[in-house]
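K.L.:
In the numbering used here, the protein residues as written are 97 to 260. Provided herewith is a single structure, encoded as structure tokens, for subsequent inquiry.
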């Protein structure tokens with residue numbers, strides 16, 4: 097059941113490709129995709145059906161959903177140069193954490209910390225705020241939070257400590 101819900105997120109990603117960005121139809125499918133992300137893991141744990149395949153499918157679904165959303169939303173918003181640079185720096189922090197975790201522990205590690213989950217929620221809500229809150233105001237806060245979350249995740253990956 098959980099894998100079917102996860103697969104629905106991949107279907108939502110494909111549907112989003114054909115919808116105008118930030119339209120009512122886009123927001124509806126976007127919400128459905130986000131909802132599947134929130135409940136698939138919970139259902140798998142409650143039903144005792146967690147699996148390596150499910151975890152990989154979830155990663156594929158997350159990746160496809162994020163990429164499609166970026167492809168649809170980035171062309172309709174104007175990001176200042178400073179924001180692109182900050183986003184690149186956050187990506188470099190995350191990439192260096194994954195690489196150093198692989199070098200140190202021999203496997204790809206990503207920590208689902210509370211800060212990472214909070215960032216995921218804030219980024220999920222962002223498209224709904226674009227028409228009411230100018231991006232220059234919300235993006236600074238989001239970048240600060242994302243930087244702290246990336247540094248925390250990197251610390252946990254490098255030290256092998258359990259997330260808090």
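Even for Gly, the Cβ is constructed at its ideal location relative to N, Cα and C. Just so you know, these numbers come straight off a predicted model, no measurement behind them.
Quick check: what's the CA-CA separation for residue 181 versus residue 239?
P.N.:
Start at 1 with the first residue of the chain shown, and residue 181 comes out as number 85. Start at 1 with the first residue of the chain shown, and residue 239 comes out as number 143. Approximately 11 Å between the Cα atoms of the pair.
K.L.:
Let me know the secondary structure DSSP gives residue 173 once reduced to three states.
P.N.:
Working through the chain shown from its first residue, we reach residue 173 at position 77. Correct three-state label for residue 173: coil.
K.L.:
Would you list, in sequence order, the uninterrupted alpha helix (DSSP H) runs of no fewer than 4 residues that lie entirely inside the region 169-228?
P.N.:
Every alpha helix (DSSP H) of 4 residues or more that sits fully in the region 169-228 is shown, in chain order, as 177-201 and 210-225.
K.L.:
Taking only three categories from DSSP, how would you classify residue 119?
P.N.:
For the purposes of this step, residue 119 is identified with residue 23 of the chain shown, where counting begins at 1. Three-state result, residue 119: coil.
K.L.:
Below 8 Å on the Cβ atoms is my contact criterion, and I expect residue 164 with residue 113 to pass it. Report the Cβ-Cβ distance as a whole number of Å.
P.N.:
For this step, residue 164 is matched to residue 68 along the chain shown. For this step, residue 113 is matched to residue 17 along the chain shown. By a beta-carbon distance limit of 8 Å, residue 164 contacts residue 113. Their separation comes to about 6 Å.
K.L.:
From residue 234 to residue 140, what distance separates their C-alpha atoms?
P.N.:
What you label residue 234 is simply residue 138 of the chain shown in a count that begins at 1. What you label residue 140 is simply residue 44 of the chain shown in a count that begins at 1. When rounded, the separation of the alpha-carbon atoms in residue 234 and residue 140 is 34 Å.
K.L.:
Please work out which residues of its chain come closer than 6 Å, Cβ to Cβ, to residue 106, disregarding the five sequence neighbours upstream and downstream, and give them in chain order.
P.N.:
Residue numbering aside, residue 106 sits at position 10 when the chain shown is read from its first letter. Here the set comprises 157 and 160.
K.L.:
Look at the alpha carbon of residue 260 and the alpha carbon of residue 243, and state the distance between them as a whole number of angstroms.
P.N.:
One-based indexing of the chain shown puts residue 260 at position 164. One-based indexing of the chain shown puts residue 243 at position 147. Its pLDDT being 44, under 50, residue 260 is placed unreliably by the model, and the measurement read from it follows with that caveat. Taking the straight line joining both Cα atoms gives about 17 Å.
K.L.:
If distances are taken between C-alpha atoms only, which option among 125, 121, 176 and 191 comes closest to residue 109?
P.N.:
Your numbering for residue 109 matches position 13 in the chain shown. The shortest Cα separation from residue 109 among 125, 121, 176 and 191 belongs to 125.
K.L.:
Give the straight-line distance between the Cα atoms of residue 171 and residue 224, rounded to the nearest whole angstrom.
P.N.:
For the purposes of this step, residue 171 is taken as the residue at position 75 of the chain shown. For the purposes of this step, residue 224 is taken as the residue at position 128 of the chain shown. Computed Cα separation, rounded: 16 Å.
K.L.:
Go through its chain and collect everything with a Cβ distance to residue 204's Cβ below 8 Å, but skip five positions before and after it.
P.N.:
Stepping through the chain shown from its first residue, residue 204 is reached at position 108. Only 194, 197 and 198 meet the Cβ criterion.
K.L.:
Taking the continuous alpha helix (DSSP H) assigned at residue 144, which residues delimit it?
P.N.:
Within the chain shown, the letter at position 48 stands for residue 144. Looking at the DSSP string, residue 144 is not in any alpha helix (DSSP H), and its letter there is neither H nor E.
K.L.:
Output the distance between the C-alpha atoms of residue 142 and residue 136, rounded to the nearest integer angstrom.
P.N.:
On the chain shown, position 46 is the one that residue 142 refers to. On the chain shown, position 40 is the one that residue 136 refers to. Whole-angstrom Cα-Cα distance: 10 Å.
K.L.:
Tell me whether residue 255 is buried or exposed, calling it buried when 16 or more other Cβ atoms sit within 10 Å of its Cβ.
P.N.:
Here residue 255 refers to the residue found at position 159 of the chain shown. With fewer than 16 Cβ atoms within 10 Å of its Cβ, residue 255 is classed as exposed.
K.L.:
What did DSSP end up calling residue 113 once you bin it into helix, strand or coil?
P.N.:
The residue labelled residue 113 in the question sits at position 17 within the chain shown. Coil at residue 113, not helix or strand.
K.L.:
State buried or exposed for residue 227, treating a residue as buried only when at least 16 other CB atoms are found within 10 Å of its CB.
P.N.:
Locating residue 227 in the chain shown gives position 131, counting from the first residue. By the 10 Å Cβ count, residue 227 comes out exposed.
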